[in-house]
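S.K.: Let me begin by handing over the structure; questions about it come next.
Number of protein chains: 2
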Amino acid sequence: MNDKTLATGDEWSLSGFLPYQLSIASNAVSDLIAERYRKRFGLKVTEWRIMAVLGDGSQRACTQQALTQVTRMDKVAVNRACKVLEERGLIQRVPNEADGRSHLLELTEEGSSIHREVMPLALATERELFDGFAPKERAQFRELLDRMHVRAASLADDRTK
Amino acid sequence: MNDKTLATGDEWSLSGFLPYQLSIASNAVSDLIAERYRKRFGLKVTEWRIMAVLGDGSQRACTQQALTQVTRMDKVAVNRACKVLEERGLIQRVPNEADGRSHLLELTEEGSSIHREVMPLALATERELFDGFAPKERAQFRELLDRMHVRAASLADDRTK
DNA sequence: CCCAAGTGGTTTCTCATGAAACCATCGCGA
DNA sequence: TCGCGATGGTTTCATGAGAAACCACTTGGG
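Residue numbers (our numbering), protein chains in the order written: chain A, 1 to 161; chain B, 1001 to 1161.
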């Protein structure tokens, strides 16, 4: 019943409100990331995500539909990102034998080469962000984030049912 | 050197990438919150934040400038939210004796009354989100978020210097 | 074989956000 | 006191994300 960090009614502050803290932290991190990708490769985060998935080995070629599931981005966002990447020659579409409505997307040679440069930057950034976090804290942070995500999603579901 | 959750080069996955996890969790939470405020009070998150600050007692009347600092929102966002709240009659602007450029903002009677309804909803939502988190985990989650925020901000600063 | 419903993808529209330009007022130094 | 840079606030503009409408193709039932 006594969680010091929970508002007490008397001295409440926005900066101690969880959704606010989460939003602030998330914005700070994604601004940093976005800025780095943009500056060095001219990639937006959405575009980077697509490349990251296509380049990660296990997913050689896949449809936009598959990408929307893996990245949890809107199908419109995926489509736009793919269009840009295709125009830049970083990915290509090959016909999908199994289904004429879609194409299979894969990295081009140039795309792969960019991918090999981009990933180290991403990993380095992640490492820098975690600098000063004990290994246990890193793992726990990820775990708490996942649980919070699941929890929020389930509360949202309740409401729509 | 061996953080299992950090990518190993061979089996990397987007869903284990910190900035991605953070973004997913944050979106889930703010979607939930936004939906609740909207449905019950027709308030956007930005508007709610303004009301929360103006109503929290210690901040009786303040300028937009002060609000931008407390809420960390853009001054444009603050201005827009205030405009809407004023039109809805939830806050009012009184002349600022000390500086003719600005006004002092405060809740109206109706604003205060809404505020008294809104805050319990916010706190209840926070509590629901933390359901299943041990008290220690709650505190640690907040602390980790803050540290991550500070860390990201400092990395971003490095870059601009 | 044909039609209807469903699905992948694309385009269009709307809205929210942040940057930059802009206006009015303040406060300091000549 | 005059003028000029700085500051609070407002408006305008460009960009990004999601909703909805739309097109093309597939699939399953007459």
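Here a beta-carbon is modelled for each residue, glycine too, at the ideal position from N, C-alpha and C. Please read all numbers here as calculations on a predicted model, not as lab measurements.
Is B:Ser1078 close to chain A, meaning its C-beta is less than 9 Å from at least one C-beta of that chain?
M.R.: Taking the second sequence and counting its residues from 1, one reaches residue 1078 of chain B at position 78. The question names Ser, yet the displayed sequence has Val at residue 1078 of chain B. Judged by the 9 Å Cβ criterion, B:Val1078 is not in contact with chain A.
S.K.: Grab the span of the beta strand (DSSP E) containing B:Leu1107 for me, first residue to last.
M.R.: Residue 1107 of chain B sits at position 107 when you count from the first residue of the second sequence. From DSSP, the beta strand (DSSP E) with B:Leu1107 extends over His1103 to Leu1107.
S.K.: Which of helix, strand or coil does DSSP assign to B:Arg1093?
M.R.: Here residue 1093 of chain B refers to the residue found at position 93 when the second sequence is read from its first residue. Strand, per DSSP.
S.K.: Report the neighbours of B:Ala1052 on chain A: residues whose CB is nearer than 7 Å to its CB, in chain order.
M.R.: Locating residue 1052 of chain B in the second sequence gives position 52, where the first residue counts as 1. Within chain A, the residues placing a beta-carbon under 7 Å from that of B:Ala1052 are Leu14, ordered along the chain.
S.K.: Could you tell me whether the Cβ atoms of A:Gly111 and A:Leu90 are closer together than 9 Å?
M.R.: Along the first sequence, read from residue 1 onward, the residue named residue 111 of chain A stands at position 111. Along the first sequence, read from residue 1 onward, the residue named residue 90 of chain A stands at position 90. A contact, by the Cβ cut-off of 9 Å.
S.K.: Looking only at its chain, what residues have a beta carbon closer than 8 Å to the beta carbon of B:Thr1125, apart from the 5 residues adjacent to it on each side?
M.R.: Here residue 1125 of chain B refers to the residue found at position 125 of the second sequence. Closer than 8 Å at Cβ, skipping near neighbours: Leu1032, Ile1033 and Arg1036.
S.K.: Can you find at least 3 beta carbon pairs, one from the stretch 78-93 of chain A and one from the stretch 40-54 of chain A, that sit closer than 8 Å?
M.R.: Enough Cβ pairs lie closer than 8 Å, so yes.
S.K.: For A:Ala25, count the other beta carbons within 10 Å of its own beta carbon; 16 or more makes it buried, fewer makes it exposed. Which is it?
M.R.: Working through the first sequence from its first residue, we reach residue 25 of chain A at position 25. A:Ala25 is buried by the Cβ-count criterion.
S.K.: Please name the residues in the stretch 1121-1140 of chain B whose beta-carbon is closer than 9 Å to at least one beta-carbon of chain A, in chain order.
M.R.: Residues passing the 9 Å Cβ filter: Ala1122, Leu1123, Thr1125, Glu1126, Arg1127, Glu1128, Leu1129, Phe1130, Asp1131, Gly1132, Phe1133, Pro1135, Glu1137, Arg1138, Ala1139 and Gln1140.
S.K.: How many Å lie between B:Leu1067 and A:Asn96 at the Cα?
M.R.: On the second sequence, residue 1067 of chain B is found 67 positions in, with the first residue counted as 1. On the first sequence, residue 96 of chain A is found 96 positions in, with the first residue counted as 1. Distance between the alpha carbons of B:Leu1067 and A:Asn96 is about 54 Å.
S.K.: Shorter than 9 Å from the beta carbon of A:Ala66 to some beta carbon of chain B?
M.R.: Start at 1 with the first residue of the first sequence, and residue 66 of chain A comes out as number 66. Chain B contact via Cβ: absent.
S.K.: Could you check whether the Cβ of A:Ala61 sits closer than 9 Å to any Cβ belonging to chain B?
M.R.: One-based indexing of the first sequence puts residue 61 of chain A at position 61. False, the Cβ-Cβ gap to chain B never drops below 9 Å.
S.K.: What residue range does the alpha helix (DSSP H) around A:Ser26 cover?
M.R.: The count along the first sequence starts at 1 and reaches residue 26 of chain A at position 26. Counting along the chain, the alpha helix (DSSP H) containing A:Ser26 begins and ends at Leu18 to Phe41.
S.K.: Throw me the rounded Cβ distance for the A:Val94 and A:Leu107 pair, which I believe falls under 8 Å.
M.R.: As a position in the first sequence, residue 94 of chain A is number 94, starting the count at 1. As a position in the first sequence, residue 107 of chain A is number 107, starting the count at 1. Not really, about 12 Å apart at Cβ, beyond 8 Å.
S.K.: So, under 8 Å CB-CB, B:Ala1153 and A:Leu14 are touching, yes? Tell me the CB distance rounded to an integer number of Å.
M.R.: Looking up residue 1153 of chain B in the second sequence gives position 153. Looking up residue 14 of chain A in the first sequence gives position 14. About 18 Å; that fails the 8 Å criterion.
S.K.: Cutting at 6 Å between CB atoms, please list the residues of its own chain near A:Leu6, excluding the five before and the five after it.
M.R.: Numbered from its first residue, the first sequence carries residue 6 of chain A at position 6. Confidence is the limiting factor: at A:Leu6 the pLDDT is only 46, short of 50, which leaves the residue's position unreliable, though a coordinate-based value still follows. Excluding positions up to five away in sequence, the list is empty.
S.K.: Mind checking who A:Cys62 pairs with in its DSSP beta bridge?
M.R.: For the purposes of this step, residue 62 of chain A is taken as residue 62 along the first sequence, with counting starting at 1. A:Leu105.
S.K.: Drop a sphere of 10 angstroms on the beta-carbon of B:Gly1055, count the other beta-carbons inside from all chains shown, and report buried for 16 or more, exposed for fewer.
M.R.: Along the second sequence, one-based indexing puts residue 1055 of chain B at 55. Flag for B:Gly1055 reads buried.
S.K.: Assuming A:Trp48 is part of the alpha helix (DSSP H), what are its boundary residues?
M.R.: Against the first sequence, residue 48 of chain A aligns to sequence position 48. For A:Trp48, the enclosing alpha helix (DSSP H) has its first and last residue at Val45 to Leu54.
S.K.: Going along the chain, which residues of its own chain have a beta-carbon closer than 7 Å to the beta-carbon of A:Leu129, five neighbours each way excluded?
M.R.: Mapped onto the first sequence, residue 129 of chain A falls at position 129. The residues are Val29.
S.K.: What does the alpha-carbon distance come out to for the pair B:Arg1038 and B:Val1118?
M.R.: If you number the second sequence from 1, residue 1038 of chain B lands on position 38. If you number the second sequence from 1, residue 1118 of chain B lands on position 118. The straight-line gap from Cα to Cα measures roughly 11 Å.
S.K.: At 9 Å on the CB atoms, spell out the chain B contacts of A:Gln21, in chain order.
M.R.: In the first sequence, the residue the question calls residue 21 of chain A occupies position 21. The answer, in chain order, is Phe1141, Arg1142, Leu1145, Asp1146 and His1149.
S.K.: Starting from A:Arg166, follow the alpha helix (DSSP H) in both directions and report where the run begins and ends.
M.R.: Residue 166 of chain A is absent from the model: chain A starts at 1 and stops at 161.
S.K.: At the 9 Å Cβ level, is B:Ser1102 part of the contact set with chain A, yes or no?
M.R.: Within the second sequence, numbered from 1, the residue matching residue 1102 of chain B stands at position 102. B:Ser1102 does not count as touching chain A.
S.K.: If the criterion is Cβ atoms closer than 9 Å, does the pair A:Glu137 and B:Leu1144 meet it?
M.R.: Start at 1 with the first residue of the first sequence, and residue 137 of chain A comes out as number 137. Start at 1 with the first residue of the second sequence, and residue 1144 of chain B comes out as number 144. Closer than 9 Å, so yes.
S.K.: DSSP three-state call for B:Glu1143: helix, strand or coil?
M.R.: In the second sequence, counting from the first residue as 1, residue 1143 of chain B sits at position 143. Looking at B:Glu1143 - three-state DSSP - the assignment turns out to be helix.
S.K.: Run down chain A in chain order and give the residues with a C-beta less than 8 Å from the C-beta of B:Ser1030.
M.R.: On the second sequence, position 30 is the one that residue 1030 of chain B refers to. Result: Pro19, Leu22 and Ser23.
S.K.: Return the Cβ separation of A:Leu121 and A:Arg40 in integer angstroms, given the expectation that the two are a contact with Cβ distance under 8 Å.
M.R.: By one-based count along the first sequence, residue 121 of chain A stands at place 121. By one-based count along the first sequence, residue 40 of chain A stands at place 40. Indeed, because the Cβ distance is near 7 Å, the residues count as touching under 8 Å.
S.K.: List, in chain order, every chain A residue whose beta-carbon is nearer than 7 Å to that of B:Thr1108.
M.R.: Mapped onto the second sequence, residue 1108 of chain B falls at position 108. Under the 7 Å cutoff, chain A gives no residues; its nearest Cβ is about 20 Å from B:Thr1108.
S.K.: Strictly under 9 Å for the Cβ-Cβ distance: is B:Phe1011 near chain A by that measure?
M.R.: In the second sequence, residue 1011 of chain B corresponds to position 11, counting from 1. Correcting the residue type first, residue 1011 of chain B is Glu in the shown sequence and not Phe. With 9 Å as the cut-off, B:Glu1011 counts as an interface residue toward chain A.
S.K.: Using a Cβ-Cβ cut-off of 6 Å (strictly less than) and excluding sequence neighbours within five positions of A:Ser102, which residues of its own chain qualify?
M.R.: As a working mapping, residue 102 of chain A is identified with position 102 in the first sequence. Contacts found: Thr63 and Asn96.
S.K.: List, in order along the chain, the chain B residues whose C-beta lies closer than 7 Å to that of A:Thr71?
M.R.: Counting from one through the first sequence, the residue named residue 71 of chain A turns up at place 71. Here the neighbours are Leu1014.
S.K.: Would you say B:Asp1056 faces chain A, with C-beta separation under 9 Å as the test?
M.R.: Translated into positions along the second sequence, residue 1056 of chain B becomes position 56. It does: the Cβ of B:Asp1056 has a partner Cβ on chain A nearer than 9 Å.
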